[in-house]
Amino acid sequence: MVLDVNALARRLDEARLSGREVERLTLEFPDLTLEQAYRIMDAGIALRRERGERDAGLKMGLTSEAKRQQMGLGAPIYGVLTEAMRVRGSFSMAGTLHPKIEPELAFHFADGLRGGPTRAEALAACTGVCAALEILDSRYRDFKYFSLPDVVADNASSSHFVLADAWTDAAGLALGDVELAMSIDGVVLQRAKASAISGDPLLSVVQLCALLDDRGRALPPGSLVLAGAATVAEPLRAGQTVSLHVPPLAPVRVAITP
Ligand code: OOG
Ligand code: MG
27 MVLDVNALAR RLDEARLSGR EVERLTLEFP DLTLEQAYRI MDAGIALRRE
77 RGERDAGLKM GLTSEAKRQQ MGLGAPIYGV LTEAMRVRGS FSMAGTLHPK
127 IEPELAFHFA DGLRGGPTRA EALAACTGVC AALEILDSRY RDFKYFSLPD
177 VVADNASSSH FVLADAWTDA AGLALGDVEL AMSIDGVVLQ RAKASAISGD
227 PLLSVVQLCA LLDDRGRALP PGSLVLAGAA TVAEPLRAGQ TVSLHVPPLA
277 PVRVAITP
């Protein structure tokens, strides 16, 4: 069977826009490679750009052991974030399929990053860090995909993200030691040190640059980067308030509406 990258990107895009799940692509294309999956992701993002969505940055996925075990997948991947995915204050469940939420850190890079930076180079280029919540959703039936190419083609389950109101200079922080505590309705359900993310969340940025470089790409100026969840994701329900505390960073909170 011939792999039509644009047709598969449209299939996933329509699933997202219509709120109707589809079967994972590897049922039809068992030999789908990771690079083909990234090309499906690129084509899906191109559709969103054609509709006027502007790039916000990139996200790393599966950078913590907790997430790799939750999803049964073995290696870090990346996805693309657009400004249309940014949520402020409240998030509506309308049109979602099976959203989940997870605790993250976001980094900002005013000048971008090229090639394969070291941790020190990534830190020097970093123009701020903040607490972030990522809302995931999968276009696949029951949020099951079983393979890295499936999840990559679906833009690494990206749906939305929420950032804290204030950025902090990363240089003064022991980044691996900060603690992330994610609460739903005031009860802490997930807690981990930031070192759960790639050993150090800036190393997740280093890994992202390597993945981009492998594909002849770089981190564009003005990008934000989600470093990947520190813990497993929690299912979302209307009426919940989700907050993430990562002292000494500013906290982030989102109210979930029907
Ligand atoms: C894949 C996306 C993983 C993370 O932070 O690890 C991710 C998924 O869980 O469906 O965003
Ligand atoms: Mg994530």
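Convert by adding 26 to the 1-based position in the sequence shown; the result is the number in my numbering.
C-beta: ideal position from N, C-alpha, C; glycine also.
Query raised in the report: To which residues of the same chain is L215 closer than 7 Å at the C-beta, ignoring the five residues directly before and after it?
Result: For the purposes of this step, residue 215 is identified with residue 189 of the sequence shown, where counting begins at 1. The residues are M208, S209, E260.
**Report entry** Limits of the alpha helix (DSSP H) - the one that R75 falls within
**Finding:** Locating residue 75 in the sequence shown gives position 49, where the first residue counts as 1. Start and end: 60-76.
Report task. Write down the C-beta distance between L250 and L234 rounded to the nearest angstrom, noting that I regard them as a contact closer than 8 Å. Result -> Here residue 250 refers to the residue found at position 224 when the sequence shown is read from its first residue. Here residue 234 refers to the residue found at position 208 when the sequence shown is read from its first residue. About 12 Å separates the two Cβ atoms, so there is no contact after all.
Query raised in the report: What residues in its chain sit with their C-beta under 8 Å from that of V113, if we drop five residues either side in the sequence?
Result: Position 87 of the sequence shown, counted from the start, is the residue given in the question as residue 113. If we look at V113 and ignore the five residues flanking it on each side, its Cβ neighbours are I161, H186, F187, V188, V280.
Query - Whole-angstrom C-beta distance between L262 and C119, which should lie under 8 Å - result: Here the question's residue 119 lines up with position 93 in the sequence shown. Here the question's residue 262 lines up with position 236 in the sequence shown. This sequence places Met at residue 119; Cys is not what is there. Contact flag correct, Cβ pair sits at about 7 Å.
Query - Residues with C-beta closer than 5 Å to any heavy atom of the ligand SAH, in chain order - result: Only the ligand OOG and the ligand MG can be found as ligands here, which leaves the ligand SAH out of the picture.
**Report entry** For K93, three-class secondary structure by DSSP
**Finding:** Looking up residue 93 in the sequence shown gives position 67. Residue state for K93 is assigned as helix, using DSSP reduced to three classes.
Query raised in the report: To the nearest angstrom, how far is it from the Cα of M86 to the Cα of A146?
Result: Locating residue 86 in the sequence shown gives position 60, where the first residue counts as 1. Locating residue 146 in the sequence shown gives position 120, where the first residue counts as 1. Their backbone Cα atoms lie some 19 Å apart in a straight line.
Query raised in the report: When DSSP builds the beta bridges, which residues end up paired with F172?
Result: Here residue 172 is taken as the residue at index 146 of the sequence shown, counted from 1. None, per the DSSP bridge assignment.
Query raised in the report: Relative to the ligand OOG, is the shortest distance from any of its heavy atoms to the C-beta of I127 smaller than 8 Å?
Result: Against the sequence shown, residue 127 aligns to sequence position 101. Flag unset: Cβ of I127 not near the ligand OOG.
Requested in this report: For E160, name the three-state secondary structure that DSSP assigns.
Outcome: As a first step, residue 160 is located in the sequence shown; it is residue number 134 there, counting from the start. Correct three-state label for E160: strand.
Query - Backbone CA spacing between P143 and G225 [nearest angstrom] - result: Position 117 of the sequence shown, counted from the first residue, corresponds to residue 143. Position 199 of the sequence shown, counted from the first residue, corresponds to residue 225. Distance between the alpha carbons of P143 and G225: 17 Å.
Requested in this report: Using the Cα positions of G212 and D191, report the straight-line distance between them to the nearest angstrom.
Outcome: If you number the sequence shown from 1, residue 212 lands on position 186. If you number the sequence shown from 1, residue 191 lands on position 165. Cα to Cα, G212 sits roughly 20 Å from D191.
Query raised in the report: Which term fits E54, buried or exposed, when burial requires 16 or more other beta carbons within 10 angstroms of its beta carbon?
Result: Numbered from 1 along the sequence shown, position 28 holds the residue referred to as residue 54. Answer is exposed; the Cβ neighbour count stays below 16.
Report task. Using three-state DSSP, classify V280 as helix, strand or coil. Result -> As a first step, residue 280 is located in the sequence shown; it is residue number 254 there, counting from the start. Strand, per DSSP.
Requested in this report: With a 10 Å radius around its C-beta and 16 neighbouring C-beta atoms as the bar for buried, classify L43 as buried or exposed.
Outcome: In the sequence shown, counting from the first residue as 1, residue 43 sits at position 17. That one is exposed.
Requested in this report: Please name the residue in L174, W193, L206 whose C-alpha comes closest to that of Y64.
Outcome: Translated into positions along the sequence shown, residue 64 becomes position 38. Taking only the C-alpha atoms, the option nearest Y64 is L174.
Report task. Could you tell me if the beta carbon of Q95 falls within a distance shorter than 8 Å of some heavy atom in the ligand OOG? Result -> Residue numbering aside, residue 95 sits at position 69 when the sequence shown is read from its first letter. Distances from the CB of Q95 to the heavy atoms of the ligand OOG are all 8 Å or more.
Query raised in the report: In angstroms, rounded to a whole number, what distance separates the CA positions of G83 and V28?
Result: Taking the first residue of the sequence shown as 1, we reach residue 83 at position 57. Taking the first residue of the sequence shown as 1, we reach residue 28 at position 2. Roughly 31 Å separates the two Cα atoms.
**Report entry** Coil, strand or helix - G242 by DSSP
**Finding:** Here residue 242 corresponds to residue number 216 of the sequence shown, with the count starting at 1. In the displayed model, G242 falls within coil according to three-state DSSP, outside both helix and strand.
Report task. Tell me whether the beta-carbon of A92 lies closer than 9 Å to the beta-carbon of A222. Result -> On the sequence shown, position 66 is the one that residue 92 refers to. On the sequence shown, position 196 is the one that residue 222 refers to. Yes, they are a contact pair.
Query raised in the report: Does the separation of the CB atoms of A276 and P129 fall below 9 Å?
Result: Along the sequence shown, read from residue 1 onward, the residue named residue 276 stands at position 250. Along the sequence shown, read from residue 1 onward, the residue named residue 129 stands at position 103. By the CB criterion at 9 Å, A276 and P129 fall outside the cutoff.
Report task. Provide the residue span of the alpha helix (DSSP H) that contains T108, from first to last. Result -> Taking the sequence shown and counting its residues from 1, the one referred to as residue 108 is at position 82. Not the alpha helix (DSSP H): T108 falls in the beta strand (DSSP E), residues 103-108.
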